[in-house]
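What follows is a single structure, written as structure tokens, with notes after it.
Protein chains in written order, with the working numbering: chain Z, 30 to 563; chain F, 430 to 565.
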């Protein structure tokens, strides 16, 4: 009995000890397993290592095609204060306004209630933040944020665009590439070349100053890849200040506006005629009399004699001769050709601000004639540049792009290679023998076309309010780049003998741009050619 | 035996607790260090970003041109002055052995007039051009 009585409790105790030991073993096993998991397999470490290991701006950098910085989110601080912490709210408002540049009256009014949480100023740079901290005021709270900064300032303001205070793109490529720039951390390589952009902007500014013009616009386009290397619209604005001063303009004239571009449009009349073989180069066009169509009379800017061979009609920019050539195609074919060139449909690029072309609904003979020399149809200059690039690059359409490309575009063929070659010869002739001689740069075989359009004012054309332009392409033997410059309302000078036409204003600017950018872009000079035409 | 094992287990448990406490404390310190290091990395990255932007601002062509016009006596080079190494004419073949003047002087008494070395012509037309003067 006693043995049974003793063995009963012992069994229970042993069982409990065993249970406790089992629980301990299980607990230690869990710990051991977890230790092995953490120490051997590194579970959980990766997750903790990722947390805030790097700066996290909202937007990726924009860089140019050579890696030069165009736009970057820089760390700034937003300063909030708790007015209840101030002994003297007026003094605190005065000190903070002086340190941060905030409005003193607003701060004084906001602090007076000694309640809540007041924003003093957003986007303080590190040095201003440090200065604010050195004031020794209590209740200051700095919240880290990022602010978009554009190192080049005005130079590329229109194309790159801007962001709002919350770093959302609101214009230009900041808006057009908003998704790409938000989703990636790697810098986004744009097609721009900041050196070329500067040269273009500088020469345009000089031209505006020389000819006392109202505005100007310029484009440098790779005719094979469609990359826009430079795009400048004057006047421009300072994107870092987020405000404009008198004389500034946030309007991108090259994409947001449409213009009747004048004689540079003759490129398309001739491209069509050459492609469709409606003219021969040895043919003479009778330009002795103004062309009368109904109540309209088409004249030339200057007298070119009784007749001109077809190439000289282009080189001397004869309206009458071009009208005769365009009439051979007729309204229907001309319209179809211009549509194929992309001039009658809205252009689609990464830039969201893109104006659609304006052209007449009724497209009869008189419209065919005026459109052949660039009046009666309004297109945005970038769409024009893209179409002109297609004429010279061998005849295939290119879509302008603002993102760096690695290969030429393989667009739809719009004219034959032979026609493209002929057009290059014609455009070279404009510079060697015609109205664009001031665009010539020895050795770089510049070709192009001048344009001088009278601006439409109150339903008629103003004779002395001109839009003068030049489209240059180089080198003509194997075109690589197109340079377009337009000058809005230039005034003739003594040096230009009072002329304000494209040949006197925009053509020299294009020549200077080519002479400066060609060596930068690695375009080889044709020395044989240079020696022949010093 | 059981008593010994109990003591042993209690001792082991105590040591494990101490060890775990130490590891936990080290981990806490390490986490604090890690947080500090990460903050320092972010701060340095921010500083690098600011410096990069500053570099882009001070090296922009407009500023360089303004500075060069103010401080340097340079003229705008006409485009004809630009060229590349590949466009330079080929260097003429050396007329003398590639030695310094001192060496030439030292060995001058021993130098004998050398004969033109004639290379085997590739064709009759090449014969004239295949003679290389190695003498002085």
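Yeah, the Cβ is synthetic: ideal placement off N, Cα and C, and Gly gets one too.
1) My output table needs one value for residue 295(Z): the three-state DSSP class, helix, strand or coil.
2) At the 8 Å Cβ level, is residue 180(Z) part of the contact set with chain F, yes or no?
3) Please classify residue 438(F) as buried or exposed, where buried requires at least 16 other C-beta atoms within 10 Å of its C-beta.
4) Could you check the C-alpha separation between residue 563(Z) and residue 465(Z) for me, to the nearest Å?
5) Report the start-end ranges of each beta strand (DSSP E) in the region 362-401 of chain Z that is 3 residues or longer and not cut off at the edges.
6) Since residue 510(Z) sits in a beta bridge, which residues does DSSP pair it with?
7) In terms of residues, what are the limits of the beta strand (DSSP E) holding residue 336(Z)?
8) Hey, how far is the Cα of residue 451(Z) from the Cα of residue 231(Z)?
9) Rounded to the nearest angstrom, what separates residue 484(Z) and residue 292(Z) at their Cα positions?
10) So is residue 549(Z) buried or exposed if we call it buried at 16+ other beta carbons inside 10 Å?
11) Count Cβ pairs between the region 355-364 of chain Z and the region 431-439 of chain Z that sit closer than 8 Å; are there 3 or more?
12) Mind listing, in chain order, the continuous alpha helix (DSSP H) runs of no fewer than 4 residues lying wholly within the region 521-555 of chain Z?
13) If we define contact as Cβ-Cβ less than 8 Å, is residue 518(F) a contact residue for chain Z?
14) Hey, could you find the ends of the alpha helix (DSSP H) residue 112(Z) is sitting in?
15) Measure from the alpha carbon of residue 410(Z) to the alpha carbon of each residue in 209(Z), 379(Z), 372(Z), 43(Z), then state which is nearest.
16) Does the region 502-516 of chain Z come close enough to the region 237-250 of chain Z that 3 or more CB-CB pairs lie under 8 Å?
17) Going by DSSP, which residues form a beta bridge with residue 257(Z)?
18) Just checking: is the beta-carbon of residue 458(F) within a distance shorter than 8 Å of some beta-carbon in chain Z?
19) Tell me the rounded alpha-carbon separation between residue 536(F) and residue 519(F).
20) Can we count residue 295(Z) as close to the ligand FAD, meaning its CB is less than 7 Å from some heavy atom?
21) Considering residue 470(F), what are the terminal residues of the alpha helix (DSSP H) in which it resides?
22) Please report how far the alpha carbon of residue 482(Z) lies from the alpha carbon of residue 492(Z), in whole angstroms.
23) So who's on the other strand from residue 478(Z), going by DSSP bridges?
24) Exposed or buried, residue 236(Z), counting other C-beta atoms within 10 Å across all chains shown (16 or more means buried)?
25) Taking the beta strand (DSSP E) that residue 20(Z) falls in, what are its first and last residues?
26) Distance check for residue 220(Z) and residue 311(Z), CA to CA, integer angstroms please.
27) Beta-carbon within less than 7 Å of residue 173(Z)'s beta-carbon, same chain only, minus the 5 sequence neighbours each way: which residues are those?
28) Compute the beta-carbon to beta-carbon distance between residue 406(Z) and residue 386(Z), rounded to the nearest angstrom, for a pair I have assumed lies under 8 Å.
29) Going along the chain, which residues of its own chain have a beta-carbon closer than 6 Å to the beta-carbon of residue 458(Z), five neighbours each way excluded?
30) Name the chain F residues that come within less than 7 Å of residue 103(Z), Cβ to Cβ?
31) Leaving aside the five residues before and after residue 495(F) along the sequence, list all residues of the same chain whose C-beta is less than 8 Å from its C-beta, in chain order.
32) With 7 Å as the limit, tell me which residues of the region 89-101 of chain Z have their beta carbon closer than that to any beta carbon of chain F; keep them in chain order.
33) Name, in chain order, the residues that DSSP records as bridge partners for residue 517(Z).
34) Which residue's Cα is closest to the Cα of residue 427(Z): 69(Z), 337(Z), 170(Z), 255(Z)?
35) Indicate whether the contact test is met: 3 or more Cβ pairs, each with one atom in the region 106-124 of chain Z and one in the region 134-154 of chain Z, closer than 8 Å.
36) Please confirm whether residue 295(Z) and residue 375(Z) have their CB atoms less than 8 Å apart.
Short version:
1) helix
2) yes
3) exposed
4) Residue confidence for residue 563(Z) is low, a pLDDT of 43 falling below 50, so the modelled location carries little weight and cannot support an answer.
5) none
6) 251(Z), 503(Z)
7) 336-338
8) 33 Å
9) 13 Å
10) exposed
11) no
12) 535-549
13) no
14) Element bounds for residue 112(Z): n/a, residue is neither H nor E.
15) 372(Z)
16) yes
17) 250(Z)
18) no
19) Since pLDDT at residue 536(F) reaches only 45, below the 50 mark, its modelled position is unreliable, and the value read off the structure follows with that caveat. One C-alpha to the other measures close to 30 Å.
20) For the structure depicted, the ligand FAD is absent and the ligand set is empty, with no information on it obtainable.
21) 431-487
22) 9 Å
23) 500(Z)
24) buried
25) Because chain Z spans 30 through 563 in this model, residue 20(Z) falls outside it and cannot be assessed.
26) 42 Å
27) 104, 106
28) 7 Å
29) 340, 344
30) 478, 479, 482
31) none
32) 97, 98, 101
33) 244(Z), 496(Z)
34) 255(Z)
35) yes
36) no
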